[in-house]
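Heads up, the thing below is written out as structure tokens.
2 protein chains.
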Amino acid sequence: MKVLVIGAAGMVGRKLVAALLAAGTVGGQAITGLALADVIAPEVPATTIPVTTQAADLSMPGVAGQLIAGRPDLIFHLAAIVSGEAEADFEKGYRINLDGTRYLLEAIRLAGQAAPYRPRLVFTSSIAVFGEPLPDVIGDTHEHTPLTSYGTQKAIGELLLADYSRRGFVDGVGIRLPTIAVRPGKPNKAASGFFSGIIREPLAGHEALLPVAETVRHWFASPRAAVGFLLHAAAMDTAALGNQRNLTMPGLAATVGEQIAALERVAGPKATALIRRQPDETIARIVAGWPQAFDASRARGLGFVGETSFDEIIRIHIEDELGGAIS
Amino acid sequence: MKVLVIGAAGMVGRKLVAALLAAGTVGGQAITGLALADVIAPEVPATTIPVTTQAADLSMPGVAGQLIAGRPDLIFHLAAIVSGEAEADFEKGYRINLDGTRYLLEAIRLAGQAAPYRPRLVFTSSIAVFGEPLPDVIGDTHEHTPLTSYGTQKAIGELLLADYSRRGFVDGVGIRLPTIAVRPGKPNKAASGFFSGIIREPLAGHEALLPVAETVRHWFASPRAAVGFLLHAAAMDTAALGNQRNLTMPGLAATVGEQIAALERVAGPKATALIRRQPDETIARIVAGWPQAFDASRARGLGFVGETSFDEIIRIHIEDELGGAIS
Numbered sequence: 169m170k171v172l173v174i175g176a177a178g179m180v181g182r183k184l185v186a187a188l189l190a191a192g193t194v195g196g197q198a199i200t201g202l203a204l205a206d207v208i209a210p211e212v213p214a215t216t217i218p219v220t221t222q223a224a225d226l227s228m229p230g231v232a233g234q235l236i237a238g239r240p241d242l243i244f245h246l247a248a249i250v251s252g253e254a255e256a257d258f259e260k261g262y263r264i265n266l267d268g269t270r271y272l273l274e275a276i277r278l279a280g281q282a283a284p285y286r287p288r289l290v291f292t293s294s295i296a297v298f299g300e301p302l303p304d305v306i307g308d309t310h311e312h313t314p315l316t317s318y319g320t321q322k323a324i325g326e327l328l329l330a331d332y333s334r335r336g337f338v339d340g341v342g343i344r345l346p347t348i349a350v351r352p353g354k355p356n357k358a359a360s361g362f363f364s365g366i367i368r369e370p371l372a373g374h375e376a377l378l379p380v381a382e383t384v385r386h387w388f389a390s391p392r393a394a395v396g397f398l399l400h401a402a403a404m405d406t407a408a409l410g411n412q413r414n415l416t417m418p419g420l421a422a423t424v425g426e427q428i429a430a431l432e433r434v435a436g437p438k439a440t441a442l443i444r445r446q447p448d449e450t451i452a453r454i455v456a457g458w459p460q461a462f463d464a465s466r467a468r469g470l471g472f473v474g475e476t477s478f479d480e481i482i483r484i485h486i487e488d489e490l491g492g493a494i495s
Numbered sequence: 169m170k171v172l173v174i175g176a177a178g179m180v181g182r183k184l185v186a187a188l189l190a191a192g193t194v195g196g197q198a199i200t201g202l203a204l205a206d207v208i209a210p211e212v213p214a215t216t217i218p219v220t221t222q223a224a225d226l227s228m229p230g231v232a233g234q235l236i237a238g239r240p241d242l243i244f245h246l247a248a249i250v251s252g253e254a255e256a257d258f259e260k261g262y263r264i265n266l267d268g269t270r271y272l273l274e275a276i277r278l279a280g281q282a283a284p285y286r287p288r289l290v291f292t293s294s295i296a297v298f299g300e301p302l303p304d305v306i307g308d309t310h311e312h313t314p315l316t317s318y319g320t321q322k323a324i325g326e327l328l329l330a331d332y333s334r335r336g337f338v339d340g341v342g343i344r345l346p347t348i349a350v351r352p353g354k355p356n357k358a359a360s361g362f363f364s365g366i367i368r369e370p371l372a373g374h375e376a377l378l379p380v381a382e383t384v385r386h387w388f389a390s391p392r393a394a395v396g397f398l399l400h401a402a403a404m405d406t407a408a409l410g411n412q413r414n415l416t417m418p419g420l421a422a423t424v425g426e427q428i429a430a431l432e433r434v435a436g437p438k439a440t441a442l443i444r445r446q447p448d449e450t451i452a453r454i455v456a457g458w459p460q461a462f463d464a465s466r467a468r469g470l471g472f473v474g475e476t477s478f479d480e481i482i483r484i485h486i487e488d489e490l491g492g493a494i495s
């Protein structure tokens, strides 16, 4: 099986590539070649599997056709510019997040006209497709009324994926990822950054700022769970999806207070003492418009598995990022 | 107020233009110019209002910019290729129904960069945005999982309209039209054709074929109601919409049996005697996947008004198409 990962240099992309190479198989089939693409050339991992890497901008006409010229059996499309950038640069957001996705789907369709071709395509969507009005728990059939251009572009990507799949051009699975926590790396300026920061920084012995009330509730999955969703989407029997190719992934609904309690259970009061309350009206207002919890029973029924406690999410961070121990 | 109608030569477009010229105003403002565009040049109606007509293919790059060069205050975007054609010709459907709409939105956005410009844009969407799973009555927050490329293209148009409106580039209102009945003109091959045919043909003294069971239930509005929706969307206070710019229009849920009973009440048994049952498995299967009824309370609360009985829909056809009397 030949595999292509578009967006391989991002946080989730790198973890996915590591998991693919560690397993050497997807759904029981050996990986015979792995092509990695991103706007900057991804690092070449150490492996016996033939790997190619390339710098490629999917939003440039013709690039999608080059990327799939080797007719990969399985394509992961993770490439996107993030919410804040898509909001700040309207044209760039549409070019990369909408045109890029459409170029990829069109390249696959046109390749199939030359000779039969219908690869599995796993597309990462986002809970940003949901907006007003938001019930406390969002059901699997709730409308998409995104409040960002990023969410709009992801919702359009889902519609295209479903239509191209219905027409038989591709075998698509779209997965709406929860907010990923604990996100490794440095603190960033994303409005959602504190959800990871209040765990990651204290575990590393650093102070973390908390800009919102402890009652704020949100929807989480670990990076490890995100990779698990991708691998399950790559191998699942898509006949069970019918024409509904897009799924809200199972996550864990937790309040900030529950996050902090979990941190105290896992790492003790010296960790939670490093969380400093510094209310930020702007961040509080942005976060107030975000989804709090989902039903996600459809994805659970199809075998997707998320975490069941925030303690588990913290332990996964310690195992996967901190070598299994905290200082 | 300058008004542009794109798709002015279609059935709804012609009726809209006639209504605009008869009123001479929209929302209390005098129409000072009316520009009509379609893929074939619309007829020039007799009026004292300055009217221009042009043949224009919105899906050609640059055409949208030409159409809005006069900076119309109000734009009706009705242009689309229909469901059957969008399914038969995949590329043409996406080019006209998706690219055309996007070109229009982009032309408006770019015009606003040169000098402030934020026209009202009324976009006709469709109940074809809804697909599996379908509840008996579809609520105002139900997801869009279209089962046709046409429905996909309309759902994408809705998302773009909402995002461009949220960003302040346009003042958009998207209206999901019910199935229009009684559609004037000749019988056609559309799977939905019989819904109008079993009324229109008997009223004209001709036989009509009924391919489905009388229990089949669907969602209707008259051509007159459709024009009313467009005019209300053109004049309404869009502040009440918030960021949810798209609305399911109020219609009337009726079974085929209820349609026939209404025809008998309005035109007697000699009309209904002209309906000949000729079951068609293919049409029955297509229609079985269609929406049956909607809540539409949001649009009703915002002042959109549809019919309340199928008798009324038949009487409107007799008034508007048959000169007020049946033979």
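If you're matching them up, the sequences are chains A and B in order.
If you read the first sequence in the numbering used here, its first letter stands for residue 169, the second for the next number, and so on.
If you read the second sequence in the numbering used here, its first letter stands for residue 169, the second for the next number, and so on.
Each residue gets a CB set at the ideal place from its N, CA and C atoms; glycine is no exception.
Cα-Cα separation, Val-350/B to Arg-182/B: So the alpha carbons of these two residues sit roughly 15 Å apart.
Taking Cβ positions only, does Ser-477/B come closer than 9 Å to chain A? With 9 Å as the cut-off, Ser-477/B does not count as an interface residue toward chain A.
Helix, strand or coil: how does DSSP classify Gly-340/B here? Here Gly-340/B sits in strand by DSSP.
With distances taken from CA atoms, which of Ile-454/B, Ala-401/B, Leu-409/B and Tyr-332/B is nearest Arg-286/B? The shortest CA-to-CA distance from Arg-286/B to any of Ile-454/B, Ala-401/B, Leu-409/B and Tyr-332/B is the one to Tyr-332/B.
Quick one: list the residues of chain B neighbouring Phe-258/A, beta-carbon separation under 7 Å, in chain order. Within 7 Å Cβ-Cβ: Arg-335.
Buried or exposed (CB count within 10 angstroms, at least 16 for buried), Asn-265/A: Flag for Asn-265/A reads buried.
In chain B, which residues lie less than 7 Å from Pro-301/A when you measure between Cβ atoms? Within chain B, the residues near Pro-301/A are Thr-309.
Tell me whether Pro-301/B is buried or exposed, calling it buried when 16 or more other Cβ atoms sit within 10 Å of its Cβ. Looking at its Cβ environment, which holds fewer than 16 other Cβ atoms inside 10 Å, Pro-301/B is exposed.
Opening and closing residue of the alpha helix (DSSP H) in which Gly-233/B lies: Start and end: 231-235.
Contact criterion: CB-CB distance below 9 Å. Does Pro-370/B meet it with respect to chain A? Not one chain A Cβ lies under 9 Å of Pro-370/B.
Check each candidate in Leu-184/B, Ile-276/B, Leu-378/B and Gly-353/B and name the one with the smallest Cα separation from Ile-451/B. It is Leu-378/B whose Cα lies nearest to the Cα of Ile-451/B.
Ordered list of alpha helix (DSSP H) runs contained in the stretch 189-266 of chain B, each at least 4 residues: Secondary structure remark: continuous alpha helix (DSSP H) runs of at least 4 residues inside the stretch 189-266 of chain B, in chain order: 231-235, 251-256 and 258-261.
Using a Cβ cut-off of 9 Å, pull out every chain A residue sitting near Gln-460/B, in sequence order please. Neighbours of Gln-460/B in chain A, taken as residues at a C-beta separation under 9 Å, are lacking, since the least C-beta distance is about 16 Å.
Between Ser-465/B and chain A, is any beta-carbon pair separated by less than 9 Å? Among the residues facing chain A, Ser-465/B is not included, as its CB has no counterpart in that chain under 9 Å away.
Can you give, in chain order, each stretch of the alpha helix (DSSP H) that sits fully within the stretch 391-471 of chain A and has at least 4 residues? Listed in chain order, they are 391-403, 424-435, 437-440, 449-456 and 465-469.
Excluding the 5 residues flanking Gly-307/B on each side, which residues of the same chain have their C-beta closer than 7 Å to its C-beta? For Gly-307/B, where only same-chain residues beyond five positions count, the Cβ hits under 7 Å are Asp-463.
Sheet register partners of Ala-389/A (DSSP bridge): Per the DSSP secondary-structure output, Ala-389/A pairs in a beta bridge with Ile-348/A.
Hey, is Ser-317/A's beta-carbon within less than 9 Å of any beta-carbon in chain B? Yes, its Cβ sits closer than 9 Å to a Cβ of chain B.
Closer than 7 Å by beta-carbon distance: list the chain A residues that pair up with Leu-409/B, in chain order. In chain order: nothing, as chain A lies at least about 11 Å away.
Locate the beta strand (DSSP E) running through Arg-288/A, then write down its first and last residues. Unbroken beta strand (DSSP E) run through Arg-288/A: 288-294.
Inter-residue Cα distance where the pair is Ala-408/A and Gly-471/A: So the two alpha carbons sit approximately 11 Å from each other.
Flag Pro-314/A as yes if its beta-carbon sits less than 9 Å from any beta-carbon of chain B, otherwise no. Answer yes: the Cβ-Cβ gap between Pro-314/A and chain B drops below 9 Å somewhere.
For the stretch 320-331 of chain B, enumerate the residues whose C-beta is nearer than 8 Å to any C-beta of chain A, in chain order. Answer set for the stretch 320-331 of chain B: Thr-320, Ala-323, Ile-324, Leu-327, Leu-328, Ala-330 and Asp-331.
Against chain A, does Gln-446/B count as a neighbour if the rule is that its beta carbon must be under 9 Å from one of theirs? Residue-level contact check: Gln-446/B does not touch chain A, since none of the beta carbons of chain A fall below 9 Å from its beta carbon.
Continuous beta strand (DSSP E) stretch holding Leu-378/B: start and end: Judged by DSSP secondary structure, Leu-378/B falls within the beta strand (DSSP E) whose first and last residues are 376-378.
Best match in Glu-253/B, Leu-398/B and Ile-481/B for proximity to Ala-429/B [C-alpha to C-alpha]: Closest by alpha carbon: Ile-481/B.
Strictly below 7 Å CB to CB, what residues from chain B border Gln-412/A? Against chain B, the beta carbon of Gln-412/A has neighbours under 7 Å at Glu-300 and Thr-313, listed in chain order.
Buried versus exposed, by CB contacts within 10 Å (16 or more), Val-212/B: Its Cβ having fewer than 16 others within 10 Å, Val-212/B is exposed.
Measure the beta-carbon distance from Ile-484/B to Arg-344/B and round it to whole angstroms, keeping in mind my assumption that it falls under 8 Å. Between Arg-344/B and Ile-484/B the Cβ distance is about 20 Å, and since that is not below 8 Å, they are no contact.
Below 8 Å, how does it come out for the stretch 281-297 of chain B and the stretch 213-231 of chain B: are there three or more Cβ pairs, yes or no? The way I'd put it, the stretch 281-297 of chain B doesn't touch the stretch 213-231 of chain B; fewer than three beta-carbon pairs between them come closer than 8 Å.
Kindly indicate which three-state DSSP category Leu-278/A falls into: helix, strand or coil? Per DSSP, reduced to three states, the secondary structure at Leu-278/A is helical.
With Tyr-318/B and Ala-254/B assumed to form a contact (beta carbons below 8 Å), what rounded beta-carbon distance in angstroms separates them? The pair is a contact, with the Cβ atoms about 4 Å apart (cut-off 8 Å).
Going straight from the alpha carbon of Thr-383/A to that of Arg-444/A, what length do you get? Each residue's CA atom was taken as its position, placing Thr-383/A and Arg-444/A some 16 Å apart.
Between the alpha carbons of Val-194/A and Phe-244/B, how many angstroms are there, rounded? Approximately 50 Å between the Cα atoms of the pair.
Got a sec, what are the start and stop residues for the alpha helix (DSSP H) Leu-329/A sits in? Taken as a continuous stretch (DSSP letters only), the alpha helix (DSSP H) holding Leu-329/A covers 317-334.
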